[in-house]
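Numbering (the UniProt record's numbering), first residue to last: 1 to 673.
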């Protein structure tokens with residue numbers, strides 16, 4: 001497909017997806033008052049400004065605390081608002097005072113959450129709203145979680161750049177567009193390369209070593225990492241090998257967690273000054289802040305020169321807060337703008353030097369097109385910044401996202417692209433649900449499209465997993481990985497009684513248990529007057545989960561070793577209310593919350609049980625695959641086999657496998673209640 005056709009197709013789809021996302025957010029914000037949004041975990045109300053200061057990169061930092069109203073014991077209830085979320089900050093209706101006509105009526109600001117605690121929430125204000133926040137800092141405030149329009153803008157910008165390319169000399173991009181034949185490295189080349197490789201990690205298995213060797217010698221490769229197969233360890237070794245060969249590497253992931261996971265593992269494996277993390281400091285793991293561009297730039301020799309101007313900005317901002325006159329605030333703010341302009345010029349020179357010194361630059365896919373990175377090309381035409389681009393968790397990324405580092409670093413003339421992920425685990429999240437054609441286009445990842453076009457020509461499977469008992473792994477291996485996935489000897493037969501102080505009994509000695517509710521516990525719907533979207537829950541299944549947890553803990557299993565997964569938010573909420581009082585260390589989440597995670601025990605509540613045999617999105621094979629491959633020693637399923645088996649061929653086969661291989665228990669309602 002030509003670059004223009006591909007770009008036009010994605011531009012249309014991105015526009016529709018952005019519209020669906022905005023509509024969903026607007027529906028909530030326009031329909032529910034702040035108190036109801038707070039009850040849903042989407043907002044925090046009754047806040048007041050504690051402090052405003054200048055942070056890294058000259059950004060304005062707002063610290064909020066609870067407006068206690070005399071109740072000093074009250075703490076902030078953050079709900080679903082977490083570090084890294086985009087939020088809107090505004091005055092509460094009760095704090096609106098009569099203002100001079102010259103003042104703006106739209107007082108809402110936006111920023112990113114830096115830190116959340118029981119006593120405060122810290123937000124880095126978007127530079128477009130810095131003046132506004134100072135005008136409402138003395139008011140009673142509330143914040144609400146909103147969608148991130150920047151991600152869509154960057155995808156659209158990248159697609160427009162792709163469509164404007166007149167000729168494509170780069171072989172890598174020709175392969176991605178299916179306009180060039182992929183020529184794999186010769187077997188003799190691979191053998192010679194392998195014999196000369198000295199692996200830093202001596203514990204890598206044969207499939208990991210083969211994948212690394214292939215990636216070193218091929219212009220494009222896909223490292224296919226099923227659950228527990230050490231994909232990240234493989235990437236770390238590959239990066240070290242590439243750096244040793246003198247290459248500069250750009251490593252990207254769809255989320256800050258995916259990028260930070262790579263950087264954490266690289267820390268200590270490469271000299272600190274060779275590692276650099278591009279991204280908003282508020283969104284990074286604290287352990288990675290030492291590699292953050294903003295911090296490295298500030299603490300470098302050149303960075304010391306900007307500290308004086310930062311102090312001057314802080315002092316000027318304090319004057320604004322003390323000034324009541326709107327006209328005076330405006331004048332002082334103009335001084336701040338001039339100081340910030342000078343600060344950015346000085347910082348730009350420092351950041352460029354820091355970036356050029358790094359051997360490995362880590363960023364999110366969107367962060368790979370940051371102003372700090374791309375401005376280097378403008379100031380130094382002809383500079384080739386990177387030799388290789390690595391995209392991790394490619395199967396969780398929309399294809400237009402994956403083009404962001406590729407297109408925005410065309411000047412580097414990158415010769416090598418490595419994709420890593422698993423197309424049998426969770427796909428990227430898509431909000432659009434009323435257009436199947438567009439949904440299918442966006443749901444087809446770059447991993448999927450390349451395998452469709454080229455088969456397994458450059459896909460290398462990691463075939464040994466180090467997480468789970470072989471019985472837990474078996475069904476997924478057979479149905480999703482062509483039976484090629486195997487358990488390493490170190491985990492093949494692990495069970496709960498192998499753990500310290502865990503006794504062997506009917507509830508600990510089996511790797512797979514299914515509590516078959518036999519249709520006796522029908523599902524319920526959470527819809528009520530306050531709910532905009534209904535969700536399913538099953539209270540009786542939750543009580544079965546509680547019963548099994550009680551039996552495990554009595555057998556010596558630690559709370560922290562247990563995880564509970566449910567496919568529906570309503571069931572997750574019900575389980576949290578039921579369990580967290582007595583078992584606060586047990587993690588309870590949807591499937592999405594456990595992607596990339598593991599526990600000694602996972603209890604999976606399937607929820608669906610009805611006369612019509614409707615299973616909803618339980619029929620999504622990849623979602624179920626993630627759920628059943630999180631446990632190491634025991635998978636406990638709670639559900640109605642009769643409903644589940646009729647949901648799809650895949651579910652029928654899964655139930656059939658469990659009927660033969662799992663320990664079946666038929667719960668008695670009298671034992672549960």
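The beta-carbon is built from N, C-alpha and C at its ideal position, and this holds for glycine as well.
Judged by beta-carbon spacing, residue 293 lies within the 7 Å limit of residue 278, meaning their Cβ atoms are closer than that value. Residue nearest to residue 570 within the set 607, 580, 600, 140 is 607 (criterion: CA-CA distance).
Secondary structure of residue 568 (DSSP, three-state): coil. In the DSSP annotation of this structure, residue 33 is not part of any alpha helix (DSSP H), being labelled neither H nor E. Under the 10 Å beta carbon count, residue 137 is surrounded by 16 or more other beta carbons and is classified as buried. Distances from the CA of residue 258 to each of 217, 672, 393, 343 were compared; the closest alpha carbon is that of 393. Rounded to the nearest angstrom, the gap between the Cα atoms of residue 359 and residue 283 is 22 Å. Cβ-Cβ distances below 6 Å link residue 122 to 63, 114, 115 in the same chain, with the five nearest sequence neighbours on each side left out; the list follows chain order. Between residue 415 and residue 387 the beta-carbon gap is near 6 Å, inside 8 Å, which marks them as a contact. Using a C-beta cut-off of 8 Å, the region 427-435 makes no contact with the region 233-240, since fewer than three inter-stretch Cβ pairs fall below that distance. For residue 385, same chain residues with a beta-carbon under 7 Å away, outside a window of 5 residues either side, are 248, 376, 409, 412 in chain order.
DSSP places residue 277 in the uninterrupted beta strand (DSSP E) bounded by 275-277. Between the beta-carbon of residue 80 and that of residue 41 there is about 4 Å, and that keeps the pair under the 8 Å contact cut. In the DSSP assignment, residue 221 falls outside any alpha helix (DSSP H) and lies within the beta strand (DSSP E) extending over 220-224.
If you draw a straight line from the Cα of residue 536 to the Cα of residue 612, it is about 15 Å long.
Between the region 266-274 and the region 454-464, the count of Cβ pairs shorter than 8 Å is below three; the stretches do not touch.
If you look at residue 312, you'll find it in the alpha helix (DSSP H) that goes 307-322.
A Cβ-Cβ distance of about 5 Å is found for the pair residue 545 and residue 603, placing them in contact under the 8 Å criterion. According to DSSP, residue pairing for residue 514 in a beta bridge involves 637, 664. For the set 129, 208, 244, the Cα lying nearest the Cα of residue 107 is the one of 129. In the DSSP assignment, residue 109 falls within the beta strand (DSSP E) that extends over 109-116. In the DSSP assignment, the residues bridged to residue 363 are 252.
Scanning its chain for C-beta atoms nearer than 6 Å, with the 5 sequence neighbours on each side dropped, one finds around residue 652 the residues 645, in chain order. In the structure shown, residue 563 falls within a strand segment according to DSSP collapsed to helix, strand and coil.
For a cut-off of 8 Å, the C-beta gap from residue 485 to residue 226 is around 5 Å, short enough to register as a contact.
Under the Cβ criterion (8 Å, minimum of three pairs), the region 572-586 does not count as touching the region 504-516. Of all alpha-carbon atoms in 297, 146, 579, the one lying nearest the alpha-carbon of residue 86 is that of 146.
A distance of 7 Å or more separates the beta carbons of residue 54 and residue 125. Under the three-state reduction of DSSP output, residue 87 falls in the strand class.
Non-local C-beta neighbours of residue 273 in its own chain, meaning closer than 7 Å and more than five positions away in sequence, comprise 357, ordered along the chain.
Counting only runs of 3+ residues, the beta strand (DSSP E) found wholly inside the region 415-474 occupies 416-421, 459-461, in chain order.
Residue nearest to residue 626 within the set 648, 643, 639, 598 is 598 (criterion: CA-CA distance). Counting the other Cβ atoms within 10 Å of the Cβ of residue 527 gives fewer than 16, which makes it exposed.
Residue pairing by DSSP places residue 142 opposite 90 in a beta bridge. Contact between residue 177 and residue 288 fails: their C-beta atoms lie close to 34 Å from each other, not under 8 Å. Straight-line spacing of the CA atoms in residue 563 and residue 494 works out to 18 Å.
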